[in-house]
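J.:
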DNA sequence: AACGAAGTCAACCGCTAATTT
DNA sequence: GAAATTAGCGGTTGACTTCGT
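And the structure:
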């Protein structure tokens, strides 16, 4: 496609950390026009940012009811359970944690929980080293195993999620989870 | 106190899915 | 139905902070 005018005048977008002024501009624009058509928002709000960047900033920091930091034990437990079910489906997991964002959960997982599980896996690896593989095979398969296990398996340390959670007691909880999805 | 290593987290990138024209 | 545009996702990066020596 030929440039409409001098191509050398291509605008260079801002990158990196957002300033308070930029936040304010974005918030004000969205308050008036709503959070849709991010390219337009980026162009008309007076921000020298791309639409993607605006969307991310809004979703992760500026939108109302965002919780930041201090992930509670309950939330942590929920993240662990959901991750076991869904793998790295951060947006789905975030959807079950009001006020939390996919990015925050992803970061929390990568910096806190993955290590926790890694440690747990290692200690259990030692204690269950004698357990025969045949015992493991007789366990009930995890729901979502087909999809979830693939995803988890690609990035997880090598430990058996069946060891980490007792799926027999999880089934009820899992069913509730999917009921929620069907009836929003 | 100074320095390097490790940890944390905000933001970007590349890609796919969904929607619009 | 095809092409273009937009939205959304997950992985990765890099700047900053904290910790250990």
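Numbering (our numbering), first residue to last: 2 to 185.
For glycine and all other residues, C-beta sits at the position ideal for the given N, C-alpha and C.
Source: prediction; values computed, not measured.
How would you label residue 88, buried or exposed, when you count the other beta carbons within 10 angstroms and need 16 or more for buried?
T.: Buried: at least 16 other Cβ atoms inside 10 Å.
J.: Mind checking residue 43: buried by the 16 CB within 10 Å criterion, or exposed?
T.: Classification of residue 43: buried, given that the 10 Å Cβ count is 16 or more.
J.: By the 10 Å Cβ neighbour count, where 16 or more other Cβ atoms means buried, how is residue 54 classified, buried or exposed?
T.: So residue 54 ends up on the buried side.
J.: Where does the unbroken alpha helix (DSSP H) through residue 96 begin, and where does it stop?
T.: From DSSP, the alpha helix (DSSP H) with residue 96 extends over 91-96.
J.: Can you round the beta-carbon distance between residue 27 and residue 63 to whole angstroms, since I take them to be within the 8 Å contact cut?
T.: That pair is a contact at about 6 Å.
J.: So, is residue 95 buried or exposed, given that buried needs 16 or more other C-beta atoms within 10 angstroms?
T.: With 16 or more other Cβ atoms within 10 Å, it is buried.
J.: Let me know the secondary structure DSSP gives residue 68 once reduced to three states.
T.: Reduced to three states, the DSSP call for residue 68 is coil.
J.: Just to check my reading of the structure: residue 19 and residue 58 have Cβ atoms closer than 8 Å, yes? What is that Cβ distance to the nearest angstrom?
T.: Confirmed, about 6 Å.
J.: Check the C-beta distance from residue 23 over to residue 48 and give it rounded, since I have them as a contact under 8 Å.
T.: 6 Å between Cβ atoms; contact.
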